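Only one structure is covered here, and it is reproduced in the block below.
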Amino acid sequence: MSLIRRASFILLFTPLVLLQNHVNVVTFSQLETQAALKQNDTLYVVNFWATWCDPCVKELPNFQQAYKKYKTHKVKMIFVSLNSQKELEKVEQFATDKALVPEVLLLNGGNPNNWIDKVDSSWSGAIPATAMYRHGKKVYFHEGELTQDNLNKTIETKNK
Amino acid sequence: MKKLAFLAAVLAVTAFAPSGYNIGDKATDFKLKNIDNKMVSLADYKDAKGFIVVFTCNHCPFAKAYEDRIIALDTKYKAKGYPVIAINPNDPIAVPEDNLATMQQRAKAKNYAFPYLVDETQNIAKTYGATRTPHVFVLQKSGIDYIVKYEGAIDDNSDDASAVKEKYVENAVDALLAGKPVTTTTTKAIGCGIKWKS
Numbered sequence: 410m411s412l413i414r415r416a417s418f419i420l421l422f423t424p425l426v427l428l429q430n431h432v433n434v435v436t437f438s439q440l441e442t443q444a445a446l447k448q449n450d451t452l453y454v455v456n457f458w459a460t461w462c463d464p465c466v467k468e469l470p471n472f473q474q475a476y477k478k479y480k481t482h483k484v485k486m487i488f489v490s491l492n493s494q495k496e497l498e499k500v501e502q503f504a505t506d507k508a509l510v511p512e513v514l515l516l517n518g519g520n521p522n523n524w525i526d527k528v529d530s531s532w533s534g535a536i537p538a539t540a541m542y543r544h545g546k547k548v549y550f551h552e553g554e555l556t557q558d559n560l561n562k563t564i565e566t567k568n569k
Numbered sequence: 012m013k014k015l016a017f018l019a020a021v022l023a024v025t026a027f028a029p030s031g032y033n034i035g036d037k038a039t040d041f042k043l044k045n046i047d048n049k050m051v052s053l054a055d056y057k058d059a060k061g062f063i064v065v066f067t068c069n070h071c072p073f074a075k076a077y078e079d080r081i082i083a084l085d086t087k088y089k090a091k092g093y094p095v096i097a098i099n100p101n102d103p104i105a106v107p108e109d110n111l112a113t114m115q116q117r118a119k120a121k122n123y124a125f126p127y128l129v130d131e132t133q134n135i136a137k138t139y140g141a142t143r144t145p146h147v148f149v150l151q152k153s154g155i156d157y158i159v160k161y162e163g164a165i166d167d168n169s170d171d172a173s174a175v176k177e178k179y180v181e182n183a184v185d186a187l188l189a190g191k192p193v194t195t196t197t198t199k200a201i202g203c204g205i206k207w208k209s
């Protein structure tokens, strides 16, 4: 009886545990390794955002929709939170609540002046901002929001 | 036909010319409304040697994180001839928290000893090339001109004032006061994008 109980307890709570989004904290070079330097034909869509950035939060569903639409076409989304590392739990909770998939990272890049230009020299540092990489090369950068239409079209153009 | 092509080329160049000031450019003066409803211009500061112009706002977490540091900059440099001029460029319709009443409350609560101006048309932010909050322009007075000597972040750590290694704005103003060239003239930082009117 107790075994069954325990088993049902585990069964009941395992999905909840699995659904909790774990957010890895990465350095800038780790982020580069995971997206910008990948030598394959997957299109890596890197969206820079933060929970405190309203326009970012507003455009996230566009990226989620695009991921649903294109995930079978070698498109991967990486949501890079620029929240402070002190807010990691908040970011994890947010990622869980909004079911942000497939990957959410928190960038602990140190002085932004050292890495903003590495993403793109035209980037002022304002967010949201989105970069796309394929075959280890940057194929797209945009500072500001992206409409669903614009995002989808860009993914289709860059993923050829 | 040739003329048309030339015109198109000129238009294209105009359209894609980088907006905003570069280091060494002459910055424009302005006449903007302060939180006490009086108009403020750089020209009002007859004795100033220059200015620390800060585009900032109420709502942005980075602006909030830097609020005390902006106050400290004014306290330290006003007496030396470089007062802080804070300008809120955000559209209050897009962000109600950035409206005049809230600006007045913030300034009162924190005892701002510097003007906190409203860039209602957003023309000054656009002309200067401000993109985010906070975004600083250090100007040096030269005759009747205001020369851009530094543009960018206040320092290298928004998160933790006690962990700052490089105080960019202080270094720039210190250099100007000592009659030396500014070493780091431009920096970038993460910030809230300015909320432009649609």
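As you go down the protein sequences, you meet chains A and B in turn. So for the first sequence, my numbering puts the first residue at 410; every next one is plus one. So for the second sequence, my numbering puts the first residue at 12; every next one is plus one. C-beta: ideal position from N, C-alpha, C; glycine also. This structure is a prediction, so every number in the text was calculated from the model and none was measured.
Three-state secondary structure assigned by DSSP to residue i
{"i": "Ala172 (chain B)", "result": "helix"}
{"i": "Ile82 (chain B)", "result": "helix"}
{"i": "Ala20 (chain B)", "result": "Low local confidence applies: a pLDDT of 47 at Ala20 (chain B) is under 50, so the model's placement there is unreliable, with the coordinate-based value given in what follows. Here Ala20 (chain B) sits in helix by DSSP."}
{"i": "Cys465 (chain A)", "result": "helix"}
{"i": "Val375 (chain A)", "result": "Outside the displayed span of chain A (410 to 569) sits residue 375 (chain A), for which this structure offers no information."}
{"i": "His482 (chain A)", "result": "helix"}
{"i": "Ala444 (chain A)", "result": "helix"}
{"i": "Asp102 (chain B)", "result": "coil"}
{"i": "Thr197 (chain B)", "result": "strand"}
{"i": "Ile574 (chain A)", "result": "Since the first residue shown for chain A is 410 and the last is 569, residue 574 (chain A) is missing from the structure and cannot be characterised."}
{"i": "Ser490 (chain A)", "result": "strand"}
{"i": "Asp156 (chain B)", "result": "strand"}
{"i": "Asn233 (chain B)", "result": "A query on residue 233 (chain B) cannot be resolved here, the shown segment of chain B reaching from 12 to 209 and no further."}
{"i": "Tyr56 (chain B)", "result": "coil"}
{"i": "Leu128 (chain B)", "result": "strand"}
{"i": "Gln151 (chain B)", "result": "strand"}
{"i": "Thr138 (chain B)", "result": "helix"}
{"i": "Asn561 (chain A)", "result": "helix"}
{"i": "Leu555 (chain A)", "result": "coil"}
{"i": "Asn456 (chain A)", "result": "strand"}
{"i": "Tyr88 (chain B)", "result": "helix"}
{"i": "Glu498 (chain A)", "result": "helix"}
{"i": "Glu162 (chain B)", "result": "strand"}
{"i": "Tyr542 (chain A)", "result": "strand"}
{"i": "Lys49 (chain B)", "result": "coil"}
{"i": "Leu425 (chain A)", "result": "Interpretation of Leu425 (chain A) is limited by its pLDDT of 48, a score under 50 that renders its predicted location unreliable; the figure taken from the coordinates is listed afterwards. In this structure, Leu425 (chain A) counts as helix in the three-state DSSP scheme."}
{"i": "Tyr549 (chain A)", "result": "strand"}
Cutoff 8 Å: residue i Cβ touching any chain B Cβ
{"i": "Ile525 (chain A)", "result": "yes"}
{"i": "Leu491 (chain A)", "result": "yes"}
{"i": "Trp461 (chain A)", "result": "yes"}
{"i": "Asn471 (chain A)", "result": "no"}
{"i": "Pro511 (chain A)", "result": "no"}
{"i": "Asn559 (chain A)", "result": "no"}
8 Å Cβ cutoff, residue i in contact with chain A
{"i": "Cys68 (chain B)", "result": "no"}
{"i": "Lys199 (chain B)", "result": "yes"}
{"i": "Arg80 (chain B)", "result": "no"}
{"i": "Asp170 (chain B)", "result": "yes"}
{"i": "Gly190 (chain B)", "result": "no"}
{"i": "Asp109 (chain B)", "result": "no"}
{"i": "Ala164 (chain B)", "result": "yes"}
{"i": "Gly202 (chain B)", "result": "yes"}
{"i": "Ala28 (chain B)", "result": "Residue placement at Ala28 (chain B) cannot be trusted, given a pLDDT of 41 that sits under 50; the coordinates are not used to answer."}
Test item: CB-CB of residue i and residue j under 8 Å
{"i": "Gln448 (chain A)", "j": "Gly545 (chain A)", "result": "yes"}
{"i": "Pro145 (chain B)", "j": "Phe125 (chain B)", "result": "no"}
{"i": "Ile205 (chain B)", "j": "Asn134 (chain B)", "result": "no"}
{"i": "Ile564 (chain A)", "j": "Val484 (chain A)", "result": "yes"}
{"i": "His70 (chain B)", "j": "Val106 (chain B)", "result": "yes"}
{"i": "Tyr32 (chain B)", "j": "Tyr139 (chain B)", "result": "yes"}
{"i": "Thr539 (chain A)", "j": "Leu516 (chain A)", "result": "no"}
{"i": "Lys60 (chain B)", "j": "Lys152 (chain B)", "result": "yes"}
{"i": "Lys199 (chain B)", "j": "Asn522 (chain A)", "result": "yes"}
{"i": "Phe73 (chain B)", "j": "Ser169 (chain B)", "result": "yes"}
{"i": "Ala459 (chain A)", "j": "Ile525 (chain A)", "result": "no"}
{"i": "Leu491 (chain A)", "j": "Val432 (chain A)", "result": "no"}
{"i": "Tyr88 (chain B)", "j": "Val175 (chain B)", "result": "no"}
Within chain A, partners of residue i - CB distance below 9 Å
{"i": "Pro94 (chain B)", "result": "In chain order: nothing, as chain A lies at least about 25 Å away."}
Listed by chain order, chain B residues near residue i by CB distance under 8 Å
{"i": "Asn520 (chain A)", "result": "Asp167, Asn168, Lys176, Glu177"}
Under 7 Å by beta carbon: chain A residues contacting residue i
{"i": "Pro72 (chain B)", "result": "Trp461"}
Exercise. Taking only beta carbons into account, state which residues of the stretch 527-540 of chain A come closer than 7 Å to chain B, listed in chain order.
Key: Going along the stretch 527-540 of chain A in chain order, one finds Ser533, Gly534, Ala535, Ile536 with a Cβ nearer than 7 Å to chain B.
Practice problem: Select from the stretch 126-145 of chain B all residues with a C-beta closer than 7 Å to any C-beta belonging to chain A, and list them in chain order. | Solution: Only those residues of the stretch 126-145 of chain B whose C-beta falls short of 7 Å from the nearest C-beta of chain A are listed: Thr142, Arg143.
task = Please list the residues of the stretch 546-557 of chain A that have a C-beta atom closer than 8 Å to any C-beta atom in chain B, keeping them in chain order.
result = Listed by position along the chain: Glu552, Gly553.
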